[in-house]
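**Student:** Just dropping this structure here.
Number of protein chains: 2
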Amino acid sequence: MLLDLTEHCISSETMVSGGMLTVKRDQVLLPNGNTSQREYVIHPGAVVVVPVLEDGHVVLEKQFRYPLHQVFIELPAGKIDAGEDVLITGQRELLEETGYQAQQWVKLGAIHPCIGYSNEVIHVYLAYGLSKGLQQRDEDEAMEVFMLSMQELLAKVDSGEITDAKTISALFLAERYMKNHPL
Amino acid sequence: MLLDLTEHCISSETMVSGGMLTVKRDQVLLPNGNTSQREYVIHPGAVVVVPVLEDGHVVLEKQFRYPLHQVFIELPAGKIDAGEDVLITGQRELLEETGYQAQQWVKLGAIHPCIGYSNEVIHVYLAYGLSKGLQQRDEDEAMEVFMLSMQELLAKVDSGEITDAKTISALFLAERYMKNHPL
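Shown next as structure tokens:
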């Protein structure tokens with residue numbers, strides 16, 4: 001038997017807006033006929049990039065993430081501007097954050113980081129053929145850029161030094177792609 | 184030079200509470216001396232389980248996720264109840280959602296699904312030595328339980344049928360662990 005799992009919107013209310021986050025609260029009809037409430041973040045979507053240098057090293061960032069009061073090792077990533085093509089977002093964020101431009105871009109897929117309470121989607125790109133461009137980082141964006149080999153990266157996933165789910169997921173997709181398509 | 188990336192709280196305000204989500208807005212002092220604003224979700228933390236049957240198949244769920252209006256293939260997971268040990272959360276959620284109990288539990292690590300706007304941490308467990316227990320699903324929790332081999336699962340990650348980042352990240356950790364520690 002194929003279950004109908006769909007929940008239908010009865011009404012929707014905006015709880016937070018105007019700042020960084022938009023938060024909604026919807027009354028919903030469940031498949032069993034009961035009603036319930038769903039609260040979630042409206043997100044414009046984002047792009048994460050796996051930038052691989054000619055020697056196989058990956059370009060990474062260390063960034064302080066306020067909600068967890070912790071510095072994270074992450075792949076370069078950023079939000080899609082209104083109306084922006086996702087490839088352009090990836091190219092813009094890679095240049096802004098790391099100073100690199102890439103000749104080759106391969107779309108590896110898309111991931112959903114937080115399906116319980118956000119509609120965010122993150123598009124995943126592999127970028128290679130890297131060269132230094134003109135870096136233009138936002139003056140309020142503080143981060144350190146550094147490089148690790150894929151082996152070192154995977155060791156940091158195993159050891160728990162890398163815990164950011166978009167970074168782990170994108171590395172997984174990149175590692176599987178590169179096994180079948182050596183750069 | 185080691186950069187100080189830390190952002191300091193100046194003041195904090197609760198924007199949403201009382202329902203499913205708690206959302207805060209903080210005024211913060213940036214490392215460069217400027218001030219800015221950070222909005223984020225306060226989350227109790229969660230546990231995701233990779234349940235592996237004796238024949239190597241993994242127990243999965245299909246669940247409708249309202250923020251994306253889409254059915255997702257996911258590993259069993261759930262929120263930590265107040266004061267609950269994370270292993271107990273994993274055991275409770277596995278039983279409630281799939282009807283399985285596990286003899287062996289291995290902590291694989293923890294991931295952060297949404298470091299930009301949530302303090303959520305998800306603890307990752309591998310569970311094996313599975314047997315059928317007494318399922319007690321919440322009547323409002325609609326889901327389908329099914330099984331896939333690790334090969335089938337990885338093929339669905341590659342093809343984009345599995346996009347949930349906690350599921351992809353936990354599979355990655357489990358696959359790497361099981362390579363070195365055959366069950």
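Protein sequences, first through last, are from chains L and S.
According to the working numbering, the stretch in the first sequence is residues 1 to 183, in order.
According to the working numbering, the stretch in the second sequence is residues 184 to 366, in order.
Backbone N, C-alpha and C define an ideal beta-carbon position, used for all residues, glycine too.
1. At a Cβ threshold of 9 Å, is S/S352 touching chain L?
2. Out of S/E237, S/M333, S/P250, which has the shortest C-alpha to C-alpha gap to L/H8?
3. Consult DSSP for S/I256 and reduce its assignment to one of helix, strand or coil.
4. Classify L/D140 as buried or exposed, calling it buried when 16 or more other Cβ atoms lie within 10 Å of its own Cβ.
5. On a CA-only basis, which of L/G56, L/K24, L/T35 is nearest L/E13? Give me that one, please.
6. Fully enclosed by the stretch 255-329 of chain S, which alpha helix (DSSP H) runs are 4 residues long or longer?
7. Beta-carbon separation of S/I263 and S/A285 under 9 Å?
8. Using the C-alpha atoms, what's the distance from S/L186 back to S/Q210?
9. Any C-beta of chain S within less than 8 Å: which residues of the stretch 104-120 of chain L qualify?
10. With a 10 Å radius around its C-beta and 16 neighbouring C-beta atoms as the bar for buried, classify S/H364 as buried or exposed.
11. If I'm right that L/W105 touches L/L87 with Cβ under 8 Å, what's the distance once you round it to whole angstroms?
12. Within 8 Å, do at least three Cβ pairs link the stretch 46-65 of chain L to the stretch 239-247 of chain S?
13. Compute the beta-carbon to beta-carbon distance between L/P113 and L/A77, rounded to the nearest angstrom, for a pair I have assumed lies under 8 Å.
14. Quick one: list the residues of chain L neighbouring S/T377, beta-carbon separation under 7 Å, in chain order.
15. Please report the distance separating the alpha-carbon of L/E161 from that of L/S11.
16. Do S/L356 and L/I168 have their C-beta atoms within less than 9 Å of each other?
17. From the DSSP output, in three-state form, read off S/L186 for me.
18. Let's test the definition: count the other Cβ atoms within 10 Å of the Cβ of L/S131 and tell me whether it reaches 16, buried, or not, exposed.
19. Could you give the first and the last residue of the continuous alpha helix (DSSP H) run that contains S/M203?
20. Which class does L/I10 belong to by DSSP, given the choice of helix, strand or coil?
21. Step through the CB atoms of chain A and report whether any lies within less than 9 Å of the CB of S/F329.
22. When you compare only the Cα positions, how much space is there between L/G129 and L/S36?
23. How big is the Cα-Cα spacing for L/I73 and L/Q63?
24. Any C-beta of chain S sitting closer than 9 Å to the C-beta of L/I80?
25. What residue from S/L204, S/L213, S/Q319 has the CA that sits closest to S/Y367's CA?
26. Please look up how many angstroms separate the CB atoms of S/L309 and S/Y360, rounded, as I've assumed it's under 8 Å.
27. How far does the alpha helix (DSSP H) with L/Y177 in it reach, from first residue to last?
28. Straight-line CA distance for L/L154 to S/E327?
29. Over what stretch of residues does the beta strand (DSSP E) that includes S/E422 continue unbroken?
**Tutor:** So, from the listed chains and residues:
1. yes
2. S/P250
3. strand
4. With fewer than 16 neighbouring CB atoms inside 10 Å of its own CB, L/D140 falls in the exposed class.
5. L/K24
6. 269-281
7. no
8. 21 Å
9. G109, A110, I111, H112, P113, C114, I115, G116, Y117, S118, N119, E120
10. exposed
11. Yes, L/W105 and L/L87 are in contact; Cβ-Cβ is about 6 Å, under 8 Å.
12. When Cβ pairs closer than 8 Å are counted between the two stretches, the stretch 239-247 of chain S is seen not to touch the stretch 46-65 of chain L, the count staying below three.
13. So it is not a contact: roughly 10 Å between Cβ atoms.
14. Beyond the ends of chain S as shown, which are 184 and 366, falls residue 377 of chain S; an answer cannot be given.
15. Each residue's Cα considered, the two are about 42 Å apart.
16. Yes; because the gap between Cβ atoms is below 9 Å, this pair is in contact.
17. Coil, per DSSP.
18. L/S131 is exposed by the Cβ-count criterion.
19. Careful: S/M203 lies outside any alpha helix (DSSP H) and carries neither H nor E.
20. DSSP places L/I10 in strand when its eight states are reduced to three.
21. Checking the listed chains, one finds no chain A in this structure; the protein chains it contains are L and S.
22. If you draw a straight line from the Cα of L/G129 to the Cα of L/S36, it is about 50 Å long.
23. The alpha-carbon atoms of L/I73 and L/Q63 are separated by roughly 7 Å.
24. no
25. One cannot answer for residue 367 of chain S here, as it falls past the ends of chain S, which runs 184 to 366.
26. For S/L309 against S/Y360, the beta-carbon gap comes to about 6 Å, under 8 Å, which counts as contact.
27. 165-180
28. 33 Å
29. Not covered by the structure: residue 422 of chain S. The range shown for chain S is 184 to 366.
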